[in-house]
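S.K.: Going by my numbering, the sequence shown opens with residue 5, and the numbers climb by one from there. Every residue, glycine too, gets a C-beta built ideally from N, C-alpha and C. Computed from a predicted model, the values in this text were never measured in an experiment. Would you mind keeping the following structure in view while I ask a few things?
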Amino acid sequence: MRLLESATPFAALVSTARFLYFTFYRVMMAELAPTGPDGDYLRPPSKPDAEAPGTAHRTLRDVYGWAARLHGGRWRGRATAPMLLDTVSRRVVSNESADILRMLPLLSPYAPEPLSLPGSGASDGVRVELRPAALADLVDELVADIGWRLNQGVYRAGFARTQAAYERAAADVFGCLDELDARLAGSRFLASSTVLTEADVVLFPTVLRFDAVYGPLFKLAGRSVRGDGLRHVAAWLRDVYQLPGVAGTCELDGMGNDYFGSLFPLNPGGIIPVAPDLQLNAPHGRAEAFAGAERVEVDV
């Protein structure tokens, strides 16, 4: 269009371009990430309890659309994962990850084959018990703190609409990571040195994605899992990743493509950066360091 060679003053061109871009940006962000009056990201509520056909559709959005049509409408929300589907009654039980995680132990009697969780067959004494009675209060506390300050915090930072909202979210994220690193200096897993609990499960995906996605895309480069400041978190990440069955659930290449490719308002050019090497298969030494330890109390 040779706009920069036209007689229009450069400042006017920049001003017009900025107005058009940010108008479109605000419309897109309002749909993608609604915010409150202070610019804080407001996570849209989950919408479970609908029927779905299960195998009749190719994509998750097709399932949501089919469920909406059962109720005389059409699906206007986002097709979020995970989704827990009852394939017998063909009903969507839930699409809220925290609820689904709590339901997993209850599903064992109904599974066609024995339900086993990744890591449950580890040979070094580790067992998986999502919410053991003796640790229930601690697990609940950790899950709530990680859920708000870190797991939702990264999105609150990335989708913040004001500087103050971003700084509040970033402070939560980095503060939570520092406290978790201190806790993991004295315990192999978050609530115990021998039991992997719900707290570890809710932390794992965020830490796995942090350096590759949340740091660069959501403006959270103030900490790095690969850096010396979070060395206990980094070793814990390798420890959990190397438990039997866990690595097979991690699509390392796909997670960057999805975030950088689909969040257009945050990455208009669609450029997908080269992913960092997390050295997930490197030795972590945590099994030996905490051998024989049941649980270590850590003040954080």
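(1) Based on the DSSP secondary-structure assignment, which residues constitute the bridge partners of leucine 89?
(2) Can you grab the Cα-Cα spacing for the pair leucine 134 / glycine 258, in whole Å?
(3) What do you reckon, are the CB atoms on arginine 230 and aspartate 215 nearer than 7 Å?
(4) In whole angstroms, what is the alpha-carbon distance linking proline 113 and glutamate 145?
(5) If I follow the unbroken alpha helix (DSSP H) through leucine 178, where does it start and stop?
(6) Could you check what DSSP says for valine 132 in three-state terms: helix, strand or coil?
(7) Go ahead and label isoleucine 87 buried or exposed: buried means 16 or more other beta carbons lie within 10 angstroms of its beta carbon, across all protein chains shown.
(8) Output the distance between the C-alpha atoms of leucine 89 and asparagine 99, rounded to the nearest integer angstrom.
(9) Following the continuous alpha helix (DSSP H) through leucine 108, name the residue where it begins and the one where it ends.
(10) Within 10 angstroms of its Cβ, does valine 205 collect 16 or more other Cβ (buried), or is it exposed?
(11) Pick helix, strand or coil for leucine 224, following the three-state DSSP scheme.
(12) Since tyrosine 245 is in the alpha helix (DSSP H), which residue starts that stretch and which ends it?
(13) Taking all protein chains shown into account, do 16 or more other C-beta atoms lie within 10 angstroms of the C-beta of glutamate 152, making it buried, or fewer, making it exposed?
(14) Determine whether the beta carbon atoms of leucine 270 and leucine 212 lie at a separation below 7 Å.
(15) Tyrosine 245 and alanine 251: beta carbons closer than 7 Å?
(16) CB histidine 236 to CB leucine 200, shorter than 7 Å?
(17) State the start and end residues of the unbroken alpha helix (DSSP H) segment that holds aspartate 42.
(18) Taking the straight line between their C-alpha atoms, what separation do you get for glycine 296 and phenylalanine 208?
(19) Can you tell me where the alpha helix (DSSP H) holding glycine 157 begins and where it ends?
(20) Glycine 81 to arginine 65, Cα distance in whole Å?
(21) Can you tell me which of the three DSSP states valine 199 falls into?
(22) By DSSP, does glycine 249 sit in helix, in strand, or in coil?
(23) Once you ignore the five residues that flank alanine 203 on each side, which residues in its own chain have a CB closer than 7 Å to its CB?
(24) Could you say which of Tyr159, Leu181, Asp103, Phe268 lies nearest to aspartate 232 if we only look at CA atoms?
(25) Let me know if serine 197 comes out buried or exposed under the rule of 16 or more other beta-carbons within 10 Å of its beta-carbon.
(26) According to DSSP, is threonine 210 part of a helix, a strand, or is it coil?
(27) Using only alpha-carbon positions, find the residue among Leu241, Leu108, Gly190, Val217 that is nearest to phenylalanine 264.
M.R.: Answer, in terms of the structure:
(1) Taking the first residue of the sequence shown as position 1, residue 89 is located at position 85. BP columns for leucine 89 point to Val96.
(2) Within the sequence shown, residue 134 is the residue found at index 130, counting from 1. Within the sequence shown, residue 258 is the residue found at index 254, counting from 1. Approximately 27 Å between the Cα atoms of the pair.
(3) Mapped onto the sequence shown, residue 230 falls at position 226. Mapped onto the sequence shown, residue 215 falls at position 211. Yes, these two residues count as a Cβ contact at 7 Å.
(4) Walking along the sequence shown from the start, residue 113 turns up at place 109. Walking along the sequence shown from the start, residue 145 turns up at place 141. Straight-line Cα distance between these residues: approximately 28 Å.
(5) Position 174 of the sequence shown, counted from the first residue, corresponds to residue 178. The question names leucine, but residue 178 is phenylalanine in the sequence shown. 167-188 is the extent of the alpha helix (DSSP H) around phenylalanine 178.
(6) Counting from one through the sequence shown, the residue named residue 132 turns up at place 128. In this structure, valine 132 counts as strand in the three-state DSSP scheme.
(7) As a first step, residue 87 is located in the sequence shown; it is residue number 83 there, counting from the start. Reading off the sequence, residue 87 comes out as methionine, not isoleucine. Buried is the call here.
(8) One-based indexing of the sequence shown puts residue 89 at position 85. One-based indexing of the sequence shown puts residue 99 at position 95. Using only the alpha carbons, I get a separation of about 9 Å.
(9) If you number the sequence shown from 1, residue 108 lands on position 104. Here the alpha helix (DSSP H) through leucine 108 covers 101-111.
(10) Along the sequence shown, read from residue 1 onward, the residue named residue 205 stands at position 201. So valine 205 ends up on the buried side.
(11) The residue given as residue 224 occupies position 220 in the sequence shown. In the structure shown, leucine 224 sits in coil (DSSP, three-state: anything other than H, G, I, E or B).
(12) Indexing the sequence shown from 1 puts residue 245 at position 241. First-last of the alpha helix (DSSP H) with tyrosine 245: 235-245.
(13) In the sequence shown, counting from the first residue as 1, residue 152 sits at position 148. Note that residue 152 corresponds to tryptophan in the displayed sequence, not to glutamate. Residue burial is scored here from C-beta neighbours: tryptophan 152 has fewer than 16 other C-beta atoms within 10 angstroms and is therefore classed as exposed.
(14) Walking along the sequence shown from the start, residue 270 turns up at place 266. Walking along the sequence shown from the start, residue 212 turns up at place 208. Not closer than 7 Å, so no.
(15) The residue you call residue 245 lines up with position 241 of the sequence shown. The residue you call residue 251 lines up with position 247 of the sequence shown. Their beta carbons are under 7 Å apart, which means tyrosine 245 touches alanine 251 by this criterion.
(16) Working through the sequence shown from its first residue, we reach residue 236 at position 232. Working through the sequence shown from its first residue, we reach residue 200 at position 196. Result no, Cβ atoms of histidine 236 and leucine 200 do not sit closer than 7 Å.
(17) Numbered from 1 along the sequence shown, position 38 holds the residue referred to as residue 42. Element bounds for aspartate 42: n/a, residue is neither H nor E.
(18) As a first step, residue 296 is located in the sequence shown; it is residue number 292 there, counting from the start. As a first step, residue 208 is located in the sequence shown; it is residue number 204 there, counting from the start. Rounded to whole angstroms, glycine 296 to phenylalanine 208 spans 24 Å at the Cα level.
(19) Position 153 of the sequence shown, counted from the start, is the residue given in the question as residue 157. Looking at the DSSP string, the run of the alpha helix (DSSP H) that includes glycine 157 is 157-162.
(20) Locating residue 81 in the sequence shown gives position 77, counting from the first residue. Locating residue 65 in the sequence shown gives position 61, counting from the first residue. Answer to the nearest angstrom: the Cα atoms are 9 Å apart.
(21) For the purposes of this step, residue 199 is identified with residue 195 of the sequence shown, where counting begins at 1. DSSP places valine 199 within a strand segment (E or B) once states are collapsed to three.
(22) The sequence position of residue 249 within the sequence shown is 245, counting from 1. Residue state, collapsed to three classes: coil.
(23) Taking the sequence shown and counting its residues from 1, one reaches residue 203 at position 199. In the same chain as alanine 203, and ignoring 5 residues on each side of it, the C-beta atoms closer than 7 Å to its own belong to Val143, Leu146, Val147, Ile150, Leu194, Ala195, in chain order.
(24) For this step, residue 232 is matched to residue 228 along the sequence shown. Comparing Cα-Cα distances from aspartate 232 to each of Tyr159, Leu181, Asp103, Phe268, the minimum goes to Leu181.
(25) Translated into the one-based positions of the sequence shown, residue 197 becomes position 193. Label assigned to serine 197: buried.
(26) Along the sequence shown, read from residue 1 onward, the residue named residue 210 stands at position 206. Correct three-state label for threonine 210: helix.
(27) Locating residue 264 in the sequence shown gives position 260, counting from the first residue. Residue Val217 is the option with its Cα nearest to phenylalanine 264.
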